[in-house]
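The sequence shown begins at 264 in this note's numbering and counts up one residue at a time.
Contents: one structure, followed by commentary.
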Amino acid sequence: MPQENSEPRRERLVYTTLSALFAALTAVFAQVKFYLGPVPYTMQNFMIMLAALVLKPKYAALSQVMYLALIGFGVPAAAGFKGGPQVLVGYTAGYLWMFPVSCYVMSYLSRKYAKLSSEELLRLSLKDIVSLLTISFISVLPIYFVGFLVFSHYTLQPTAPSTRLS
Numbered sequence: 264m265p266q267e268n269s270e271p272r273r274e275r276l277v278y279t280t281l282s283a284l285f286a287a288l289t290a291v292f293a294q295v296k297f298y299l300g301p302v303p304y305t306m307q308n309f310m311i312m313l314a315a316l317v318l319k320p321k322y323a324a325l326s327q328v329m330y331l332a333l334i335g336f337g338v339p340a341a342a343g344f345k346g347g348p349q350v351l352v353g354y355t356a357g358y359l360w361m362f363p364v365s366c367y368v369m370s371y372l373s374r375k376y377a378k379l380s381s382e383e384l385l386r387l388s389l390k391d392i393v394s395l396l397t398i399s400f401i402s403v404l405p406i407y408f409v410g411f412l413v414f415s416h417y418t419l420q421p422t423a424p425s426t427r428l429s
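Okay, here's the thing in structure tokens:
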């Protein structure tokens with residue numbers, strides 16, 4: 264019995280393969296960092312945005328779910344060559360868990376705005392580029408909002424009362 268699906272099998276295979284490629288590239292770019300003051304930034308956010316521009320929303324999100332799976336299975340794919348389940352529940356977990364969400368949102372919004380295919384990216388006007396940058400900014404807000412909440416939960420805990428006798 265033939266499968267009824269809006270995407271042909273070959274197209275699904277190509278997009279799934281591209282999703283895996285973007286997961287691997289996100290892992291590589293997570294190791295590239297620079298500092299703005301004391302705060303380190305990695306280039307994995309660049310890969311999230313690029314995946315969102317190239318892939319359809321569900322495949323863009325899938326690429327980041329695959330990235331999280333790599334980390335969860337212990338592959339040192341997170342920033343600083345870290346991996347394992349502890350990374351997915353640690354102080355940077357909020358940032359990581361929002362990668363698929365932001366990737367999906369950016370892919371969806373950019374396609375809604377520009378009706379893009381990856382071949383059309385080179386023919387964008389300045390207005391389109393500014394609009395896509397605005398969409399990018401909006402799309403990464405969940406990463407930083409949830410990431411900050413989780414990070415602050417870990418780092419701003421009140422100190423335990425002293426057990427020292429006076």
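Virtual Cβ for every residue (Gly too), placed ideally from N, Cα, C.
- Note that the C-beta distance between S394 and I311 is not below 9 Å.
- Distances from the alpha-carbon of F400 to those of M329, F297, A315 put A315 closest.
- Take I398, set aside five residues on each side of it, and the residues of its chain with a beta-carbon closer than 7 Å to its own are M369, L372, S373, Y376, in chain order.
- Q307 is classed as buried because its beta carbon has at least 16 other beta carbons within 10 Å across all chains shown.
- Short of 7 Å from the beta carbon of S282, and not among the five residues preceding or following it, lie these beta carbons of its own chain, in chain order: L318, Y322, L325, S326, M329.
- Secondary structure note for P303: its beta strand (DSSP E) is the uninterrupted segment 302-305.
- Under DSSP, A341 forms a beta bridge with K345.
- Per DSSP, the continuous alpha helix (DSSP H) segment holding K321 begins and ends at 320-335.
- Straight-line spacing of the CA atoms in L276 and P320 works out to 15 Å.
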